[in-house]
């Protein structure tokens with residue numbers, strides 16, 4: 001039949017429209033049809049419109065190549081062989097699974113069988129332990145450095161928050177903020193009344209270190225290590241006055257003298273200077289200073305292996321010291337028996353009570369405070385660098401409020417004079433020389449540190465007996481070992497010489513003074529060698545030594561180390577030959 005030209009033209013129009021608008025966007029939403037997935041349009045040339053049957057197109061038969069037919073046959077035979085082999089495998093019966101292991105019967109003695117302990121991989125565990133130990137060593141080395149506390153990597157036990165503070169703040173969410181302290185004496189970086197030389201020598205070591213103290217006139221002092229050449233320390237007075245920065249404001253505020261910033265508390269004032277990013281302290285004080293690190297009495301435990309710790313010597317609360325009956329009275333002071341309460345920074349506050357001797361001073365001025373702190377500093381330095389059993393310990397000082405107190409260790413046998421009188425028959429001559437040998441050795445090491453006692457006498461040597469219990473099977477023996485400690489460091493100085501002042505020197509010690517003191521007015525090592533007291537019963541070997549020590553010419557007297565060596569030779573004859581040999585070599 002002839003083709004319909006109208007139908008062909010309509011089909012071509014539809015094709016054009018579909019090609020121009022494949023998504024049917026030009027049609028309305030109702031008439032728009034979704035495109036069929038994978039529906040290719042039928043070819044119009046292959047369809048007969050009247051019968052709607054496909055035309056059968058007979059193509060001419062191609063000649064088959066013999067090589068290709070052989071390859072196809074070969075591939076077909078290989079596929080059939082594979083199928084047969086797979087079917088044979090399926091027909092072979094698989095072996096039956098192994099029977100399940102019999103369950104262990106529970107023993108009647110135990111409710112549960114003991115667990116099987118698997119053998120660990122020893123090599124792997126060793127590697128892991130070595131890695132962990134190396135990491136822990138590195139961490140310990142980092143935390144052991146003083147910089148770790150300054151950088152905030154580590155904090156000491158005395159810094160906020162202490163273990164007791166952490167226990168109280170467990171229920172509150174982090175971050176925790178430092179509580180506002182109204183009383184300045186409760187600040188963790190408050191040191192009480194101490195002289196400025198002690199702050200500069202002991203505490204402020206790096207630029208930016210600061211602390212708060214009090215002077216003898218009861219004013220608060222802010223001490224800072226500056227960045228100026230030589231890094232001198234600056235001490236600013238904190239006044240509590242009416243600033244009147246606001247009209248009709250009659251409230252009192254804390255501020256540095258001659259500056260503008262103010263606050264209700266000393267802590268708030270320090271926080272203002274510390275948080276400022278414009279150098280507020282430098283602008284107001286005209287000093288190149290900045291508040292970086294607060295220094296605690298323990299110095300954040302940074303220098304605990306290098307010098308003594310001031311934390312337990314400084315008594316913050318005067319109520320921790322209780323005085324009892326009076327023992328004696330001296331020039332400007334009184335001695336009492338008493339106790340001291342020590343509070344440790346633990347989760348639950350642990351308290352220890354120690355018996356002490358309390359010295360209470362009659363005057364509370366700058367000179368008395370300077371004398372108390374100097375005595376404490378010298379004694380604690382000697383105990384730390386030379387030995388604990390060398391001098392009478394200063395247990396603590398109270399300078400927060402008046403009257404000032406110094407706490408000493410209790411010596412069970414009293415002074416050396418009292419001990420010798422009580423043990424006349426027990427103490428032999430040899431023991432006396434051993435005692436003198438120990439004292440001479442201690443005094444030599446004290447002079448080596450650069451300190452001068454300036455009041456050596458038998459009344460300033462104290463005896464403490466320590467009970468030692470020796471257990472041997474059923475026998476228990478109580479023996480007491482006497483320890484001889486040097487006390488009376490009240491007039492000591494941190495120099496090798498001292499000017500002699502007869503008005504301030506104790507009258508009881510004047511008989512031990514060397515004769516040249518009354519002309520030179522100078523105390524030194526040679527004058528203390530003259531004051532080095534000997535016993536009445538003297539062997540012949542020691543007579544020359546005594547005569548040399550009592551020489552009027554100070555240049556002819558032996559030094560303290562020579563006195564110690566010669567006393568050691570008297571006590572130990574074997575060392576006498578060695579000392580003679582060393583003396584000959586020194587002469588050569």
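Residue numbers (full-length UniProt numbering): 1 to 588.
Don't be surprised by glycine CBs; every beta carbon is placed ideally from N, CA and C.
Keep in mind it's a predicted model, so treat the numbers as computed, not measured.
Out of the options, which one is the CA nearest neighbour of residue i?
{"i": "residue 195", "options": "206, 214, 189, 177", "result": "214"}
{"i": "residue 226", "options": "207, 218, 241", "result": "207"}
{"i": "residue 327", "options": "318, 356, 349, 342", "result": "356"}
{"i": "residue 264", "options": "282, 243, 489, 284", "result": "243"}
{"i": "residue 452", "options": "378, 564, 230, 410", "result": "378"}
{"i": "residue 301", "options": "554, 374, 154, 394", "result": "154"}
{"i": "residue 156", "options": "303, 557, 457", "result": "303"}
{"i": "residue 405", "options": "465, 549, 430, 320", "result": "320"}
{"i": "residue 559", "options": "482, 447, 389", "result": "447"}
{"i": "residue 591", "options": "253, 529, 545", "result": "The chain is shown only over 1 to 588; residue 591 falls outside these bounds and no answer can be derived."}
{"i": "residue 389", "options": "465, 373, 316, 350", "result": "465"}
{"i": "residue 412", "options": "392, 371, 81, 180", "result": "392"}
{"i": "residue 399", "options": "183, 382, 218", "result": "218"}
{"i": "residue 450", "options": "403, 481, 496", "result": "496"}
{"i": "residue 306", "options": "386, 100, 548", "result": "386"}
{"i": "residue 520", "options": "554, 184, 293, 136", "result": "554"}
{"i": "residue 235", "options": "552, 82, 287", "result": "287"}
{"i": "residue 174", "options": "133, 166, 130", "result": "166"}
{"i": "residue 515", "options": "78, 136, 314, 552", "result": "552"}
{"i": "residue 591", "options": "182, 315, 77, 278", "result": "Outside the modelled stretch of the chain, which goes from 1 to 588, sits residue 591, for which no answer is possible."}
Can you find the residues in the same chain that come closer than 8 angstroms, C-beta to C-beta, to residue i, ignoring five residues on each side of it along the sequence?
{"i": "residue 461", "result": "415, 416, 439, 484, 485, 486, 487"}
{"i": "residue 584", "result": "Per-residue confidence for residue 584 stands at a pLDDT of 43, beneath the threshold of 50, marking its modelled position as unreliable; no derived number is given."}
{"i": "residue 517", "result": "500, 523, 527"}
{"i": "residue 233", "result": "196, 199, 200, 204, 223, 224, 225, 226"}
{"i": "residue 169", "result": "161, 176"}
{"i": "residue 216", "result": "193, 364, 365, 366, 369"}
{"i": "residue 482", "result": "413, 419, 463, 464, 465"}
{"i": "residue 422", "result": "413"}
{"i": "residue 184", "result": "190, 212, 220, 265, 266, 267"}
{"i": "residue 282", "result": "288, 289, 290"}
{"i": "residue 525", "result": "447, 452, 496, 559, 560"}
{"i": "residue 81", "result": "none"}
{"i": "residue 383", "result": "308, 390, 391, 393"}
Taking residue i and residue j to be in contact with their CB atoms under 8 angstroms, please state how far apart those CB atoms are, rounded to whole angstroms.
{"i": "residue 246", "j": "residue 221", "result": "Between residue 221 and residue 246 the Cβ distance is about 27 angstroms, and since that is not below 8 angstroms, they are no contact."}
{"i": "residue 362", "j": "residue 332", "result": "5 angstroms"}
{"i": "residue 284", "j": "residue 260", "result": "6 angstroms"}
{"i": "residue 127", "j": "residue 212", "result": "Not a contact, Cβ separation roughly 52 angstroms."}
{"i": "residue 492", "j": "residue 454", "result": "6 angstroms"}
{"i": "residue 323", "j": "residue 358", "result": "5 angstroms"}
{"i": "residue 164", "j": "residue 318", "result": "Actually they are not in contact, since the Cβ atoms of residue 164 and residue 318 sit about 21 angstroms apart, beyond 8 angstroms."}
{"i": "residue 427", "j": "residue 407", "result": "Their Cβ separation, rounded to whole angstroms, is 30 angstroms, which puts residue 427 and residue 407 out of contact at 8 angstroms."}
{"i": "residue 401", "j": "residue 308", "result": "Actually they do not touch by this definition, with Cβ atoms about 24 angstroms apart."}
Grab me the residues of residue i's own chain with a C-beta within less than 7 angstroms of its C-beta, minus the 5 sequence neighbours each way, in chain order.
{"i": "residue 311", "result": "158, 297, 298"}
{"i": "residue 334", "result": "326, 360"}
{"i": "residue 561", "result": "444"}
{"i": "residue 330", "result": "none"}
{"i": "residue 250", "result": "242"}
{"i": "residue 116", "result": "Residue confidence for residue 116 is low, a pLDDT of 43 falling below 50, so the modelled location carries little weight and cannot support an answer."}
{"i": "residue 350", "result": "344"}
{"i": "residue 403", "result": "360, 361, 364"}
Spatial neighbours of residue i within its chain, please: C-beta separation below 6 angstroms, excluding the five flanking residues on both sides.
{"i": "residue 257", "result": "237, 239"}
{"i": "residue 107", "result": "Bear in mind that a pLDDT of 49 at residue 107, under 50, signals an unreliable position, so the model cannot answer this."}
{"i": "residue 353", "result": "339, 341"}
{"i": "residue 564", "result": "440, 441, 444"}
{"i": "residue 229", "result": "none"}
{"i": "residue 73", "result": "none"}
{"i": "residue 209", "result": "225, 293, 295"}
{"i": "residue 490", "result": "375"}
Which runs of the alpha helix (DSSP H) spanning at least 4 residues fall entirely within the segment 242 to 315, listed in chain order?
For the segment 242 to 315, whole alpha helix (DSSP H) runs of length 4 or above, ordered along the chain, are 266 to 275, 280 to 285.
Beta strand (DSSP E) runs wholly inside the segment 172 to 196, at least 3 long, in chain order
Listed in chain order, they are 190 to 193.
Per the contact definition of three or more C-beta pairs closer than 8 angstroms, is the segment 420 to 437 in contact with the segment 566 to 573?
Yes, they touch.
Tell me the start and end of each unbroken beta strand (DSSP E) in the segment 394 to 430 that is at least 3 residues and wholly inside, in chain order.
Within the segment 394 to 430, complete beta strand (DSSP E) segments of at least 3 residues are found at 394 to 398, 405 to 408, given in chain order.
Taking 8 angstroms as the threshold, find out whether the segment 267 to 274 comes into contact with the segment 174 to 189 through three or more Cβ pairs.
yes
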